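Some notes on the structure that comes next.
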Amino acid sequence: MRASEWPLGETQVSAMRRSQYFLPTLKENPAEAQIVSHRLMLRAGMIRQESAGIYSWLPLGFRVLQRIEQIVREEQDASGALEVLMPTIQPADLWRKSGRYDDYGAEMLRIKDRHEREMLYGPTNEEMITEMFRAGVKSYRDVPRMMYHIQWKFRDEVRPRFGVMRGREFLMKDNYSFDLDYEGAKQSYNKMFVAYLRTFARMGLKAIPMQADSGPIGGDMSHEFLIVAETGESQIFADRDFLDMDWKDQKVDYQDAEQIGGIVKHFTSRYAATDEKHDPAKCPLSPDRLVEARGIEVGHIFYFGTKYSKPLGCVVSGANGEQIAVEMGSYGIGVSRLTGAIIEASHDDAGIIWPEAVAPFKVGLINLRSGDAKCDAACADIYGKLRQAGIEVLYDDREETAGGKFADMDLIGLPWQLIVGPRGLAAGKVELKERRTGKRDELSAEDALARLGRPAA
RNA sequence: CGGGGUGUAGCUCAGCCUGGUAGAGCACCGGCUUUGGGAGCCGGGGGUCGGAGGUUCGAAUCCUCUCGCCCCGACCA
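The opening position of the first sequence corresponds to residue 30 in my numbering, with each subsequent residue numbered one higher.
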C-alpha cells in the first residue's frame with residue numbers, strides 16, 4: 030500500500046500485501062530456541078536475536094508489541110494515571126542518593142560518558158520519577174497523582190533465556206503513585222489492581238493476582254499477576270472465581286472508591302497460591318472450587334511507602350504547614366514479556382493463535398492461485414473492500430503453493446483466514462476459517478466480508 | 001557465578017575420532033511441469049568452516065588461547 034493511495038486527512042487502515050512485506054518465516058525450528066513462544070516468534074518472523082537477551086522486532090512482531098502496549102496505555106489512562114516518558118540512561122548520582130547504586134549489583138548496566146561521568150541504563154525508575162515529582166509539587170493539593178511510562182529497561186541478567194520472556198532489554202510499563210497517607214496509597218493501589226485485571230482480560234487472558242512478598246515494608250499490599258498458560262513457569266492453585274470472571278459488560282468507575290475496593294476485596298479474599306506456598310492439607314477450597322494451572326508472571330504491583338520519598342526529599346506541605354513525605358507505590362507490567370506469554374497461553378502445533386485484541390492483522394487473505402486472473406481479481410476486490418471497511422488484512426499474494434500459504438498463515442496466527450481458490454470461485458464461494466477452532470465455512474464473498482465486519486465475539 | 005554443550009551456506013545438520021583443500025536437505029535464482037495443506041524435474045548462485053596463534057609439505061579436522069551462543073542450577077518483570 031502506498032501512502033499516495035490515500036487522500037490527505039483520511040485515516041489509513043493497515044493492509045498489507047505479503048509480497049511487499051518483510052516476513053521471514055522459517056519452516057524449521059531454530060536450534061537456539063527452547064520454549065514454544067520463543068520458537069514461534071522466531072519462526073513467525075516476529076523477532077531477531079541481536080545478542081543474548083536482546084532482540085530486534087520485525088514488522089509483524091512490532092505490530093503485536095504495539096497492540097499490547099496500546100491496551101496497557103488505554104487502561105492506565107482510564108485509571109487516571111498520566112503518561113510521561115523518562116530516559117533510558119540515568120545518572121549514577123541519582124541512584125547514590127537512594128543508596129541503590131551499590132545495592133543493585135551486577136544486574137545494573139553501568140556506563141561512562143565521554144567526560145567519565147558515571148551513567149547507567151535504567152533497570153527501573155523509582156528514583157527518577159520521585160525526583161521529577163518532588164521538583165514539581167509543593168502542596169498536599171498536588172496529590173494524589175499517578176504517573177507511568179512505557180519504556181525500555183535493561184537488566185543484565187546472568188542468564189537470559191526464553192526469548193523475550195526473559196531478555197536483558199525489555200519493554201515495561203511502570204506506574205508510580207504519590208499519596209498523602211497510607212489510606213490514599215491504598216486507594217491508588219486498588220485502582221491499579223483493578224486496572225490490571227481489566228488490562229489482561231482485554232487481551233483475552235486469564236489473570237490471577239497472587240499475594241507476593243512485600244519486602245521490608247510488610248503488609249499485604251503486594252501482588253503478582255500471573256496469566257494462565259499451560260507451559261507457564263509456575264504451578265498455581267486458585268479459586269475458580271479467577272477464571273470465571275467476565276469483564277465484558279462490567280463498568281468500572283475509578284472515582285468510586287467503594288466499588289474499586291469491593292472488586293479488590295472480592296479477589297484478594299479468594300485463595301491463590303504457587304506450589305511453594307500451597308499446602309493441600311490447609312487449602313480452604315473444596316475440590317470443585319480449586320483449579321490447578323500453570324502461570325506466567327506478567328505484572329507486579331506493590332506499595333513501598335516513603336522508601337524513596339524520604340531519602341530523596343520528596344515532601345509536600347500539609348494542610349497545617351507540616352512537611353509530609355509522600356506515600357508511594359509502583360506498578361509494573363512486562364509489555365515485551367507479554368508478547369511471549371500470550372503465545373504460551375494461545376498456540377497449537379501449527380503455530381500461534383492470536384487473541385483478536387492483540388493480533389497483528391485481523392484477517393489473512395489467501396490467494397490459492399496467484400497469477401490466475403479470476404483468483405487475482407477476486408482477491409484484489411476483497412482486499413480493497415476489507416481495507417475500506419477498516420478491517421486489517423494481510424494478503425498473501427505470493428506465487429507459493431497452497432500448502433505453503435496455509436502453513437504460513439497458521440504459523441503467524443491471524444484470527445481469520447479468508448481463502449480464495451479456483452474451485453470455490455467456480456461455485457461463487459470463498460472459505461472463511463477461524464484459526465482458533467479450525468472451523469471453516471463456505472460462503473459468498475459478501476457474506477464473508479459481513480461476518481468479518483462484525484465486532485469480535 | 002558453578003556445571004555441561006555447541007559454533008561448518010539464510011535455516012536444520014553431516015564431515016572432525018583416523019589431516020589431503022567443503023557437503024546434504026530445506027530456502028534462494030532461472031526454465032519447464034504443477035497447483036485446496038510446506039510439489040516434481042533440469043540448471044544455477046551462495047561458505048573468512050566464530051577469531052587469533054601454533055604443529056605440519058598440507059588444518060574444518062590436531063594443540064593453545066580467545067569470543068559468541070545454548071542448556072541445567074542459583075537469581076529474576
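The beta-carbon is built from N, C-alpha and C at its ideal position, and this holds for glycine as well. In this text the structure is predicted, and so the values were computed from the model without any measurement.
Secondary structure within the stretch 67 to 139: the beta strand (DSSP E) runs of 3 or more consecutive residues, fully enclosed, are 76 to 80, 83 to 86, 118 to 120 (chain order). By the CB criterion at 9 Å, V345 and V93 fall outside the cutoff. Secondary structure at F191: coil, using DSSP grouped into helix, strand and coil. Between R227 and E104 the beta-carbon gap is near 5 Å, inside 8 Å, which marks them as a contact. The DSSP assignment places 236 to 240, 251 to 257 as complete runs of the beta strand (DSSP E) inside the stretch 227 to 267, in order along the chain (cut-off: 3 residues).
Below 8 Å, enough C-beta pairs join the stretch 251 to 266 and the stretch 327 to 335 to call them touching: three or more.
A residue is called buried once 16 or more other Cβ atoms fall within 10 Å of its Cβ, and F51, having fewer, is exposed. When Cβ pairs closer than 8 Å are counted between the two stretches, the stretch 60 to 67 is seen not to touch the stretch 449 to 459, the count staying below three. Between the alpha carbons of M75 and F91 lies a gap of roughly 7 Å. Apart from sequence neighbours up to five positions away, the residues of its chain that approach R318 with a beta-carbon distance below 7 Å are D268, R269, ordered along the chain. The stretch 438 to 453 and the stretch 391 to 400 touch, with three or more beta-carbon pairs separated by less than 8 Å. No Cβ-Cβ contact shorter than 9 Å links Y84 with G151. Your pair F266 and A302 checks out as a contact, with CB atoms roughly 5 Å apart and the cut at 8 Å. The continuous stretches of beta strand (DSSP E) do not include F390, and DSSP gives it neither H nor E. Bridge pairing for Y177: E112, N204 [DSSP]. One thing to note: H178 has its Cβ within 9 Å of the Cβ of K202. At the C-beta level, I325 and S263 come within 9 Å of one another. Nearest Cα to M357 within the set E156, A60, V101: E156.
Close CB contacts of E147 within its chain, under the 7 Å cut and outside five residues either way in sequence, are with A121, R139, K141 (chain order). Comparing alpha carbon positions, the residue from R96, V42, K126 closest to G342 is K126. Setting aside the 5 residues that flank it on each side, L55 is surrounded in the same chain by L71, R72, G74, each with a C-beta closer than 8 Å to its C-beta; the list follows chain order. Take the alpha-carbon of V101 and the one of I362: they are about 8 Å apart.
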